[in-house]
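Here the sequence shown is numbered in the working numbering, starting from 1388 and rising by one per residue.
Glycine included, every Cβ here is placed at the ideal spot set by N, Cα and C.
Since the model is a prediction, treat every value here as computed from it, not as a measurement.
Here is the structure we will look at.
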Amino acid sequence: MPASTDLPAQLERLSRLHPKLIDLSLERVRALLRKLGDPHLRLAPVIHVAGTNGKGSTLAFMRAMAERAGLTAHVFTSPHLVRINERFRLAGQLIEDSDLATLLDRVEAANEGAPITQFEVLTAAGFLAMAERPADLCLIEVGLGGRLDATNVIERPAVTVITPIGIDHAEFLGDTLTAIAGEKAGIIKQGAPVICGQTAPEAAHVIEARAKEVGAKYVPVSVKPLGDGGFLARAPLEPDLHLPAPGLLGPHQMLNAAMAAFAIANLAMPIIDDAAIAAGVKKADWPGRLQALADGPLTQEALAGGVKVWLDGAHNPHGAQALAAALAQRPARRTVFILGMKANKDAAGFFEALTTISRQAFTVQTPDQPSAMAAEILAERAREGGFTASPVDSVAEAMARAVEAGAERIVIAGSLYLAGHVLALNGQIPR
């Protein structure tokens, strides 16, 4: 197979040859990694992160903490918002197109045409990239679930993290918190502390039992807000951590920062001291999560009229609850939602969580997303939930209609794919 440095052509080929996005198994990726020399066994210390919501934010806090201590971190995350390069951050920098294309060529050549999924190819490429470039730390996000996720070939993580658990991807993980927690708990490994965010008791019980079964220290994390804007991060048998207000907005980010802080504290890297941890809490950046959009082609008219425009990737009821709580903490403004969701999401639960903020919405279908719910169907679901909702053809039209309707605050949410589309339209490409 001839090598190619044309990344778009490479990705198109990858999509054509491996149309299946999800087929949970470890055998295919293990076989592929063996052919590549088992790069996943040659990584810097790994923190492996699973959970329903907050994984990316928790990774962002940990990366910021390490970098404030002068260390370098590789980060593998999914999905991306605008460019696939966002999934591969090597020692602080997004991977270059040519480097990613070369990696994908190598992985495809090693695979020799065997059945495999796109995510497994990307995961193998990520391990290869991280193994071949020096760094002090590897931060790896689970793609889906945990137990059978391609990233779970990591045999000896330094620490694992399980963020709060809610119902999502039920067709793959089960439709109860207990079942989903069992899948997430599959990343727990002997001797590696597991940091667990506050979650439903039935889910926490499963995680704690799994930790005990395999011989992993169980660290359940909670937070206590303080009057100075900061908060206490707490866990049994761990010293309290007094942390500043997180740089990422929303009360839910306190727990994400606390999980990150305890993960770093259990890493046995003294160079990442309390000062670096606190600085990382303040400086973390993670696009598409309660992000105030800047002046750009999409937002120019709204911002000129004094309308605030926010973007959030919340896409399930648990995420919508966090979004509503974050908006409730900000000055009250007449809010109009612009919403787009995938067809397999719990739209009714999502809308219910937002009713405390507003019942007015425009719905869109995310372009180039085959699994996106049609705007008309989403509007109907919204109306069933008590919203005044109108389907429109584009985000730009929704923005104009929201301004005409007297919005003082526009909130775009419902899908990370929609978030990526909006950032691209507005010229805010994650770097």
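Going by beta carbon distance, what residues of the same chain come within less than 7 Å of residue i, once the five residues before and after it are set aside?
{"i": "Q1640", "result": "S1444 and P1633"}
{"i": "P1754", "result": "H1808"}
{"i": "L1803", "result": "P1466, L1468, G1675, G1700 and H1702"}
{"i": "L1490", "result": "A1512, L1515 and A1516"}
{"i": "A1800", "result": "D1699, A1701, L1710, F1724 and L1726"}
{"i": "K1422", "result": "A1497"}
{"i": "T1586", "result": "P1551 and I1552"}
{"i": "R1746", "result": "G1773, F1774 and T1775"}
{"i": "G1602", "result": "Q1577 and G1578"}
{"i": "G1692", "result": "V1790"}
Taking the alpha-carbon positions, what's the residue i to residue j distance?
{"i": "D1523", "j": "Q1756", "result": "37 Å"}
{"i": "A1344", "j": "P1626", "result": "Limits of the chain in this structure are 1388 at one end and 1818 at the other, which puts residue 1344 out of reach."}
{"i": "P1544", "j": "K1729", "result": "33 Å"}
{"i": "K1571", "j": "A1437", "result": "6 Å"}
{"i": "K1604", "j": "Q1505", "result": "34 Å"}
{"i": "V1798", "j": "V1723", "result": "6 Å"}
{"i": "A1431", "j": "I1541", "result": "12 Å"}
{"i": "G1530", "j": "Q1815", "result": "24 Å"}
{"i": "D1733", "j": "L1805", "result": "16 Å"}
{"i": "G1617", "j": "P1631", "result": "4 Å"}
{"i": "G1614", "j": "I1744", "result": "25 Å"}
{"i": "K1670", "j": "A1713", "result": "19 Å"}
{"i": "L1710", "j": "A1590", "result": "22 Å"}
{"i": "A1665", "j": "A1652", "result": "12 Å"}
{"i": "I1594", "j": "M1786", "result": "43 Å"}
{"i": "Q1716", "j": "G1637", "result": "8 Å"}
{"i": "G1853", "j": "E1454", "result": "Limits of the chain in this structure are 1388 at one end and 1818 at the other, which puts residue 1853 out of reach."}
{"i": "T1565", "j": "F1649", "result": "24 Å"}
{"i": "V1494", "j": "P1718", "result": "50 Å"}
{"i": "A1518", "j": "A1456", "result": "22 Å"}
{"i": "T1750", "j": "V1606", "result": "41 Å"}
{"i": "L1812", "j": "R1818", "result": "16 Å"}
{"i": "L1526", "j": "D1484", "result": "21 Å"}
{"i": "E1507", "j": "R1400", "result": "15 Å"}
{"i": "P1395", "j": "I1482", "result": "14 Å"}
{"i": "L1654", "j": "L1690", "result": "44 Å"}
{"i": "D1608", "j": "A1647", "result": "What sits at residue 1608 in the sequence shown is Val, not Asp. One C-alpha to the other measures close to 10 Å."}
{"i": "Q1848", "j": "E1600", "result": "No answer is possible for residue 1848: the residues shown for the chain start at 1388 and end at 1818."}
{"i": "M1452", "j": "D1486", "result": "27 Å"}
{"i": "V1610", "j": "A1478", "result": "30 Å"}
Could you give the C-beta distance for residue i and residue j, rounded to a whole number, given that I count them as a contact under 8 Å?
{"i": "W1697", "j": "L1677", "result": "6 Å"}
{"i": "A1512", "j": "D1393", "result": "At roughly 16 Å, the Cβ-Cβ gap does not stay under 8 Å, so A1512 and D1393 are not in contact."}
{"i": "D1672", "j": "A1447", "result": "6 Å"}
{"i": "L1419", "j": "H1427", "result": "About 11 Å separates the two Cβ atoms, so there is no contact after all."}
{"i": "A1460", "j": "R1450", "result": "5 Å"}
{"i": "G1584", "j": "L1642", "result": "5 Å"}
{"i": "R1788", "j": "V1779", "result": "6 Å"}
In the DSSP assignment, the alpha helix (DSSP H) including residue i goes from what residue to what residue?
{"i": "V1608", "result": "Unbroken run through V1608 is the beta strand (DSSP E), Y1605 to P1612; no alpha helix (DSSP H)."}
{"i": "N1639", "result": "Here residue 1639 is His; the residue named in the question, Asn, does not match the sequence. From DSSP, the alpha helix (DSSP H) with H1639 extends over H1639 to A1652."}
{"i": "T1445", "result": "K1442 to R1455"}
{"i": "V1593", "result": "P1588 to V1601"}
{"i": "L1636", "result": "Here L1636 belongs to no alpha helix (DSSP H), and DSSP marks it neither H nor E."}
{"i": "Q1708", "result": "P1704 to A1715"}
{"i": "T1753", "result": "No alpha helix (DSSP H) contains T1753, which DSSP labels as neither H nor E."}
{"i": "L1819", "result": "Coverage of the chain is limited to positions 1388 through 1818, which leaves residue 1819 absent and any answer about it impossible."}
{"i": "L1490", "result": "D1484 to N1498"}
{"i": "V1723", "result": "No alpha helix (DSSP H) holds V1723; the beta strand (DSSP E) holding it covers T1722 to L1726."}
{"i": "L1630", "result": "L1630 -> not in any alpha helix (DSSP H); beta strand (DSSP E) instead, spanning L1628 to L1630."}
Under DSSP, the beta strand (DSSP E) around residue i begins and ends at which residues?
{"i": "R1621", "result": "F1618 to R1621"}
{"i": "L1524", "result": "L1524 to E1528"}
{"i": "A1800", "result": "R1796 to A1800"}
{"i": "A1671", "result": "Per DSSP, A1671 belongs to no beta strand (DSSP E) and is neither H nor E."}
{"i": "E1778", "result": "It should be noted that the sequence gives Pro, not Glu, for residue 1778. Looking at the DSSP string, the run of the beta strand (DSSP E) that includes P1778 is T1775 to P1778."}
{"i": "P1435", "result": "For the record, residue 1435 in the displayed sequence is His; it is not Pro. Unbroken beta strand (DSSP E) run through H1435: V1433 to A1437."}
{"i": "T1547", "result": "V1546 to I1549"}
{"i": "R1476", "result": "F1475 to L1477"}
{"i": "H1461", "result": "A1460 to F1463"}
{"i": "H1808", "result": "Segment L1803 to L1812 is the alpha helix (DSSP H) holding H1808; no beta strand (DSSP E) there."}
{"i": "G1584", "result": "V1581 to G1584"}
{"i": "V1540", "result": "That residue, V1540, is in no beta strand (DSSP E); it is neither H nor E in DSSP."}
Using a Cβ-Cβ cut-off of 6 Å (strictly less than) and excluding sequence neighbours within five positions of residue i, which residues of its own chain qualify?
{"i": "R1346", "result": "The requested residue 1346 is not part of the displayed model; the chain covers only 1388 to 1818."}
{"i": "L1560", "result": "G1532, I1567 and E1570"}
{"i": "K1831", "result": "Only positions 1388 to 1818 of the chain appear in this structure, which leaves residue 1831 out of reach."}
How about residue i: is its C-beta nearer than 8 Å to some C-beta of chain B?
{"i": "R1493", "result": "Judged by its chain identifiers, the structure shown contains no chain B, having just a single protein chain."}
For residue i, collect the residues of the same chain with a Cβ closer than 8 Å to its Cβ; drop the 5 residues on either side in sequence, then sort them by chain order.
{"i": "S1402", "result": "Q1505"}
{"i": "R1417", "result": "V1540"}
Checklist entry - Taking contact to mean at least 3 C-beta pairs separated by less than 8 Å, is the segment 1533-1549 in contact with the segment 1569-1586? => result yes
Checklist entry - Is it true that the segment 1681-1690 meets the segment 1762-1776, where meeting means three or more beta-carbon pairs spaced less than 8 Å apart? => result no
Item to check | Contact the segment 1412-1420 vs the segment 1522-1540: 3+ CB pairs below 8 Å | outcome: yes
Next on the checklist: For the structure I just gave you, are there three or more beta carbon pairs, one from the segment 1731-1739 and one from the segment 1766-1776, closer than 8 Å?
Outcome noted: yes
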